[in-house]
Structures are given as structure tokens and as C-alpha cells.
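Colleague:
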Amino acid sequence: MADAHTRRATCRLCGSSDVHPVLSLTPTPPANAFVPAADLDRPQAAFPLDVFLCGDCRHAQLLDVVDPAVLFENYVYVSGTSPVFVRHFEDYANAVIDRFATPADSLVLDIGSNDGTLLGFFQEAGMRVLGVDPAHDIARAASARGIETLAAFFTPDLAREIHAERGGASVITANNVFAHADDLTGMVAGIAALLDPGGVFVF
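In the numbering used here, the protein residues as written are 43 to 245.
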């Protein structure tokens, strides 16, 4: 776990090296890293929470990058456990379909799709759906209930594979994903490679 994080020297938004610390918080274990009672006496990995500000583009960010596999491959939070969140996703899907006249049978892809709650509403409206989420157990459970989900991180290479196999996406969504991504340029490149010319990206 000692090598589970690195510190960048540049802004992840614009690439500038003019980044300065503005707030230091106590190092913290990953969110939702629940510890079994038998392990309470064992030291738990904690990672820096130092906020930096870019002097060029003014983007506030953490420069410490925790290995995404540590954070997400065994993630436990699932969207469908919150009735309020489920209603929000239903309204969200309906708003996208209505506003952008999303045609039936078009492809909708959700990056960081979790248990597929959002995609389920697009599927009910007649769209083809695909989730991409690195949490293996959650992705497997979503697929088992009919929301096909790739247990993977979204990358430009994966986006091109999906496009080759299924065509372009009319809608791509990413909810609370940019906040956790280090390679913003790669994520945007993947979205650009997969999105239909008339498609919409919602984040």
C-alpha cells in the first residue's frame, strides 16, 4: 500500500507547474473503506488531503493521486439504495430524453455507472445501454440484472473498442466522475471518440 499514491507536479486541467498549496487537511483513508471488527487494531492506509490551486487556470485540486484500483475495484456504495437518488436519476433520464429527443434504440453509455440505476431508466425508454465501472462486484451485479456493465476504467482505447463493436453513443453520462479522474485529457478524448456527431455528453 506504500506505493498506492503519487503526487503530481502539474495541474491536471491545464498542465501548468504553477500550483500552490492552499489548504492541508488530515490524511484520510479512502471513503467507504470499511474495516472489519477483527482488523480494527491494524493500521489503515491514509492518504494526503492537501488542496492546491493552479496559478494559471485557477483549478483547485488534490495533487496526490491514489491508485484508482485501490479506490474503486472493491467499491461498495450502490446508487439504488437511496430512494431519493433513484427518483433523481429517473427525472434526469427523462429530462435528457425530452430535451435532446434521444431516439429509441440509440446507445446510452454511463461512465462510472455503479449499479446501473440511471441506465435502467434509459433502457425502459427503449435505448440500448452500456455501463462502464471498475467496481468488479457491482458491475457483475448490474449485468446480472440486465444492465450490461464492463468492469473496467474508461479509457480512449476502450472507447474506440466500444465504438467499433456498437457504433457511436447518442448520450454519454458521467456523474461525480471527473472529480475522481486524474487523466482528464484521456477521458475527454475517449468521450470524443465514442460520441455521435449529434450526441450529447452530460456530466
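Note that CB positions come from ideal geometry on N, CA and C, so glycine has one too.
Note that the structure is a prediction, hence the values are computed from the model and not measured.
How should N156 be labelled, buried or exposed, when 16 other C-beta atoms within 10 angstroms of its C-beta is the threshold for buried?
Modeller: If you number the sequence shown from 1, residue 156 lands on position 114. With 16 or more other Cβ atoms within 10 Å, it is buried.
Colleague: In the DSSP output, what is P63 paired with across the bridge?
Modeller: Against the sequence shown, residue 63 aligns to sequence position 21. According to DSSP, residue pairing for P63 in a beta bridge involves F94.
Colleague: Alpha carbons only, please: which of D106, D225, D238 and I189 is nearest the one belonging to R202?
Modeller: Within the sequence shown, numbered from 1, the residue matching residue 202 stands at position 160. Here the closest residue by C-alpha is D238.
Colleague: What's the gap between the Cα of N17 and the Cα of D83?
Modeller: Residue 17 falls outside the range modelled here, since the chain spans only 43 to 245, and no answer is possible.
Colleague: Leaving out the 5 sequence neighbours to the left and right, which residues in its chain are closer than 7 Å to A221 when beta-carbon positions are compared?
Modeller: As a working mapping, residue 221 is identified with position 179 in the sequence shown. Around A221: no qualifying Cβ.
Colleague: What is the residue span of the beta strand (DSSP E) that T215 lies within?
Modeller: Here the question's residue 215 lines up with position 173 in the sequence shown. Segment A211 to A216, the beta strand (DSSP E) holding T215.
Colleague: Just verifying my parser: in three-state terms, what is the DSSP assignment at G154?
Modeller: Here residue 154 refers to the residue found at position 112 of the sequence shown. If DSSP states are grouped into helix, strand and coil, G154 belongs with coil.
Colleague: Does the Cβ-Cβ distance between F163 and A206 come in under 8 Å?
Modeller: As a first step, residue 163 is located in the sequence shown; it is residue number 121 there, counting from the start. As a first step, residue 206 is located in the sequence shown; it is residue number 164 there, counting from the start. Going by C-beta atoms, F163 is not nearer than 8 Å to A206.
Colleague: Classify P85 as buried or exposed, calling it buried when 16 or more other Cβ atoms lie within 10 Å of its own Cβ.
Modeller: One-based indexing of the sequence shown puts residue 85 at position 43. By the Cβ-count criterion, P85 is exposed, with fewer than 16 other Cβ atoms from all chains shown falling within 10 Å of its own Cβ.
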